[in-house]
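Residue numbers 884 to 1131, in my numbering, belong to the letters of the sequence shown in order.
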Amino acid sequence: PELILFQILKTLIMRAFASVLALAGLASANYRSGEVKTWETFTYGRFTVRMQGSGKSGTVGSFFTYWNGPNWSQEGWNEIDVELVPSIYGNPMSTNIIWQWQQQDQQYCWGFQPGTDWHEYVVEWTPESVRWLIDGNECRKREGSDDVHFLRKGQNLMMNFWTPTFQGWGDNFSDYGMPFFTRYDYVKVEKYNSSTGGFEPHWTDNFDSFDASRWQKSDGWGFGDNSSTFYASQVYTENGALVLKMDH
């Protein structure tokens, strides 16, 4: 009986130790990264960024608009995305409209390979269409559809750098060589003129310094399907660019 009891206790201890190691592994898989959003909100407009992705599999660098309330609800979801997803080999730029109840209308810009090169990305948003451009060339246009017509809320302009945990986008991730970086050379905002159907200059930020009156840094939060937490310390300007830094 003593031997049996010893074996039972040994098994329980080994299982408990394995659980502790597993939890430690999960904890070590959490990363620190950065996110910013404008204080100002926009309903329609032309949004331009010159951006350098990390080129690292299992990460996402983004430029997007997002409705964050007041009275936020999933039913009222409004979001337009540009996302660089290196794990999607051959088609790493994703465009998306996320709308009512988090429905998604996602499509890749086929054959575009940004790597770690600088490129200019544009989102044009009007009451009737959303258009995505890369270096002045249209890669997608969504026009007259239910999702476009649902985009009526004032949205913040946002940028973040994160680590998806779901299959596909999170594939082949390795933290070897961290820190990783996503950089933004400039952001330009043009307002939509409903009378002319065109766009008018509003502001440009060249990131010679961090303008806290224009941008707010996320600090101590993340979201689901993402193993990164955003901290203000991971956001800074350097050599005329906004930097989002990812590390342990």
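Ideal placement from N, C-alpha and C gives every residue a C-beta, glycine not left out.
- Query: In this structure, does DSSP put Gln1117 in helix, strand or coil?
  - Reply: If you number the sequence shown from 1, residue 1117 lands on position 234. Gln1117 falls in the helix class under three-state DSSP.
- Please state if the CB of Lys1036 and the CB of Thr942 are separated by a distance shorter than 8 Å. The residue you call residue 942 lines up with position 59 of the sequence shown. The residue you call residue 1036 lines up with position 153 of the sequence shown. It is not a contact, given that the beta carbons lie outside the stated cut-off.
- Would DSSP call His1002 helix, strand or coil? Here residue 1002 refers to the residue found at position 119 of the sequence shown. DSSP places His1002 in strand when its eight states are reduced to three.
- Please work out which residues of its chain come closer than 8 Å, Cβ to Cβ, to Ser1111, disregarding the five sequence neighbours upstream and downstream, and give them in chain order. In the sequence shown, counting from the first residue as 1, residue 1111 sits at position 228. Same-chain partners within the cutoff: Asn913, Tyr914, Arg915, Ser916, Phe1044, Trp1045, Thr1046, Gly1105 and Met1129.
- For Pro953, count neighbouring Cβ atoms within 10 angstroms of its own Cβ and tell me buried if that reaches 16, exposed if not. Numbered from 1 along the sequence shown, position 70 holds the residue referred to as residue 953. Burial call: exposed.
- Message: Can you tell me where the alpha helix (DSSP H) holding Asp1030 begins and where it ends?
- Response: Taking the sequence shown and counting its residues from 1, the one referred to as residue 1030 is at position 147. Its alpha helix (DSSP H) spans residues Asp1029 to Phe1033.
- Query: Taking the continuous beta strand (DSSP E) assigned at Arg1097, which residues delimit it?
  - Reply: Position 214 of the sequence shown, counting from 1, holds the residue named residue 1097. Segment: none, Arg1097 is in no beta strand (DSSP E) and carries neither H nor E.
- Kindly indicate the opening and closing residues of the beta strand (DSSP E) around Pro1084. Start at 1 with the first residue of the sequence shown, and residue 1084 comes out as number 201. Per DSSP, Pro1084 belongs to the beta strand (DSSP E) from Gly1081 to Asp1088.
- Query: Out of curiosity, what's the CA-to-CA distance linking Ala1095 and Ser1057?
  - Reply: On the sequence shown, residue 1095 is found 212 positions in, with the first residue counted as 1. On the sequence shown, residue 1057 is found 174 positions in, with the first residue counted as 1. Each residue's Cα considered, the two are about 33 Å apart.
- DSSP three-state assignment for Glu1007, whether helix, strand or coil: In the sequence shown, residue 1007 corresponds to position 124, counting from 1. DSSP places Glu1007 in strand when its eight states are reduced to three.
- Inter-residue Cα distance where the pair is Val1013 and Glu1121: Within the sequence shown, the letter at position 130 stands for residue 1013. Within the sequence shown, the letter at position 238 stands for residue 1121. Roughly 32 Å between the two C-alpha positions.
- Message: How far does the beta strand (DSSP E) with Thr931 in it extend, from its first residue to its last?
- Response: For the purposes of this step, residue 931 is taken as residue 48 along the sequence shown, with counting starting at 1. Gly928 to Gln935 is the extent of the beta strand (DSSP E) around Thr931.
- Message: Rounded to the nearest angstrom, what separates Leu1125 and Lys939 at their Cα positions?
- Response: As a working note, residue 1125 is residue 242 in the sequence shown. As a working note, residue 939 is residue 56 in the sequence shown. So the alpha carbons of these two residues sit roughly 18 Å apart.
- Item | Glu1146 vs Met1042 beta-carbon contact at 8 Å | Outside the shown range of the chain (884 to 1131) lies residue 1146, about which nothing can therefore be said.
- Assuming Tyr1067 contacts Met934 (C-beta within less than 8 Å), just tell me the rounded distance between them. Taking the sequence shown and counting its residues from 1, the one referred to as residue 1067 is at position 184. Taking the sequence shown and counting its residues from 1, the one referred to as residue 934 is at position 51. At roughly 5 Å, the Cβ-Cβ gap stays under 8 Å, so Tyr1067 and Met934 are in contact.
- Query: With DSSP run on the structure shown, which of helix, strand or coil describes Trp1052?
  - Reply: Within the sequence shown, the letter at position 169 stands for residue 1052. It is coil, neither helix nor strand.
- Item | Residues near Phe946 in its chain [Cβ-Cβ closer than 7 Å; skip 5 each side] | Taking the sequence shown and counting its residues from 1, one reaches residue 946 at position 63. Once the five neighbours on either side are set aside, the close Cβ partners of Phe946 are Val932, Met934, Val965, Tyr1004 and Met1042.
- What are the partner residues of Gly944, as DSSP defines its beta bridges? Counting from one through the sequence shown, the residue named residue 944 turns up at place 61. Looking at the DSSP assignment, Gly944 forms a beta bridge with Leu967 and Phe1044.
- Excluding five sequence neighbours on each side, which residues of the same chain lie with their C-beta closer than 8 Å to the C-beta of Arg1097? Position 214 of the sequence shown, counting from 1, holds the residue named residue 1097. Contacts found: Thr921, Trp922, Glu923, Trp1086 and Asp1088.
- Query: From Tyr1114, Phe1033 and Asp1091, pick the residue whose C-alpha is nearest to that of Asp1102; which is it?
  - Reply: If you number the sequence shown from 1, residue 1102 lands on position 219. Nearest of Tyr1114, Phe1033 and Asp1091 to Asp1102, Cα basis: Tyr1114.
- Message: I need the straight-line Cα distance from Glu1063 to Lys1074, nearest angstrom please.
- Response: Your numbering for residue 1063 matches position 180 in the sequence shown. Your numbering for residue 1074 matches position 191 in the sequence shown. The identity of residue 1063 in the sequence shown is Phe, whereas the question assumes Glu. Distance between the alpha carbons of Phe1063 and Lys1074 is about 33 Å.
- Which value, in whole angstroms, describes the spacing of the CA atoms of Arg1023 and Asp988? In the sequence shown, counting from the first residue as 1, residue 1023 sits at position 140. In the sequence shown, counting from the first residue as 1, residue 988 sits at position 105. Rounded to whole angstroms, the separation of the alpha carbons of Asp988 and Arg1023 is 12 Å.
- Opposing strand residues paired with Tyr914 [DSSP bridges]: For the purposes of this step, residue 914 is taken as the residue at position 31 of the sequence shown. The partner list for Tyr914 (beta bridge, DSSP) reads Ser1111.
- Message: Just verifying my parser: in three-state terms, what is the DSSP assignment at Val996?
- Response: For this step, residue 996 is matched to residue 113 along the sequence shown. Reading off the sequence shown, one finds Gln at residue 996, where the question assumed Val. Looking at Gln996 - three-state DSSP - the assignment turns out to be coil, as it is neither helix nor strand.
- Query: Taking the alpha carbon of Val1006 as the point to measure from, which residue in Phe1082, Ser970 and Gly1123 has its own alpha carbon closest?
  - Reply: Residue 1006 sits at position 123 when you count from the first residue of the sequence shown. For Val1006, the nearest C-alpha among the options comes from Phe1082.
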